[in-house]
Ligand code: CP
Ligand code: NVA
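In the numbering used here, the protein residues as written are -1 to 327.
Structure (structure tokens):
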């Protein structure tokens, strides 16, 4: 049966079948090729989209805006609104649904994107919540396909190292389970994935042949990995003791030694970005002055031939465009 995603929200990959995810990846490739050929996009002409951000963003906001413009849509970046301050989520959603063809939301609770979708009556796209980041995973999987073209995603071993219960870890886990991949969450037990979420994911993994694991053992996890993925050690909105977090995660930093342990000379290094890989940012500098090394990856590996982080960042544009085109055009 042909895939048709018109009218659907994109809140989590858990809502999508493997065929639907593959369809979005193929559409992303087609739209990327079309842009490279200089062909003007018209798929979103006369469409209006609104972007709501309750957390900071560079890539997600810019990818949504440029992708929309490239296909002819009009964009509102909503700031200083009444949303959830002077007006309930339900009322704002109903109003926005009258003006817009699609709504992007980035914030804290997953419940907010779910309710926006429920009350607005138009497709809602999750631009990151505390527990998920599905548009990022599409970009990451497209990058894996491009960089390892001889292997289908179902043959890929992807290791996520670090805070294994953050939004990126869960988002990748959902995607990996759907596409039959071997996914290993690596990190200290204190930051291991929620057993209930793991259980749910395992149920799906049984159907697709995916292998979804958690371990705190670096050597076992990274052996023969195709890609090592990491993310910041403290996510937006978390109120934690940085010294304690850094101490817990220090053994899970991506270093040359970890890359060597994979025994795969062509292993990829992946990151959703933004990243602390040196001490050039105010935050990392401030931490360093307090004796805390917050880097989740060394600068050496971040800049090495293994690193595909800027390809992932570029692919945010093509994959977000595919999500919008598939759901509202
Ligand atoms: N990867 C990602 O979501 O980046 P931004 O926080 O800059 O949007
Ligand atoms: N885990 C990170 C991802 C940023 C794209 C955060 O939520 O801050």
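Ideal placement from N, C-alpha and C gives every residue a C-beta, glycine not left out. Computed from a predicted model, the values in this text were never measured in an experiment.
Check: In this structure, what does DSSP give as the bridge partners for residue 101?
Finding: 48 and 122
Note to self: Please return the same chain residues whose Cβ sits closer than 6 Å to the Cβ of residue 241, not counting the five positions on each side in sequence.
What the structure shows: 290
Notebook entry, point to check: Using the C-alpha atoms, what's the distance from residue 207 back to residue 149?
Noted result: 16 Å
Note to self: Mapping the DSSP letters down to three states, classify residue 159 as helix, strand or coil.
What the structure shows: strand
Next item on the list: Per DSSP, which residues does residue 268 bridge with? Please list them.
Entry: 227
Item checked: Sequence-distant residues of the same chain with beta carbon closer than 8 Å to residue 217, five excluded per side -> 259
Checklist line | Separation of residue 16 from residue 191, as counted between CA atoms | finding: 23 Å
Check: To which residues of the same chain is residue 280 closer than 7 Å at the C-beta, ignoring the five residues directly before and after it?
Finding: none
Note to self: Given the structure, does residue 50 come close to the ligand CP, in the sense that its CB is under 6 Å from one of the ligand's heavy atoms?
What the structure shows: no
Check: Would residue 224 pass as a contact of residue 154 if the rule is Cβ separation under 7 Å?
Finding: yes
Margin query: With a threshold of 6 Å on Cβ separation, who are the neighbours of residue 211 within its own chain once the five nearest residues in sequence on each side are excluded?
Written below: 182
Next item on the list: Could you check what DSSP says for residue 247 in three-state terms: helix, strand or coil?
Entry: helix
Checklist line | Spatially closest choice to residue 26 from 318, 325 and 146, by CA coordinates | finding: 318
Note to self: Taking its Cβ as the centre, do 16 or more other Cβ atoms sit within 10 Å of residue 176, making it buried, or is it exposed?
What the structure shows: buried
Next item on the list: Quick one: using the 10 Å Cβ neighbour count with 16 as the cut-off for buried, is residue 37 buried or exposed?
Entry: exposed
Next item on the list: Would you check if the distance between the CB atom of residue 49 and the CB atom of residue 75 is smaller than 7 Å?
Entry: yes
Next item on the list: With a 10 Å radius around its C-beta and 16 neighbouring C-beta atoms as the bar for buried, classify residue 138 as buried or exposed.
Entry: buried
Check: On the premise that residue 268 lies in contact with residue 227, defined as a C-beta separation below 8 Å, what is that separation, rounded to the nearest angstrom?
Finding: 4 Å
Next item on the list: For the beta strand (DSSP E) containing residue 183, list its first residue and its last residue.
Entry: 180 to 184
Next item on the list: Could you round the C-beta distance between residue 151 and residue 179 to whole angstroms and report it? I think they count as a contact, below 8 Å.
Entry: 6 Å
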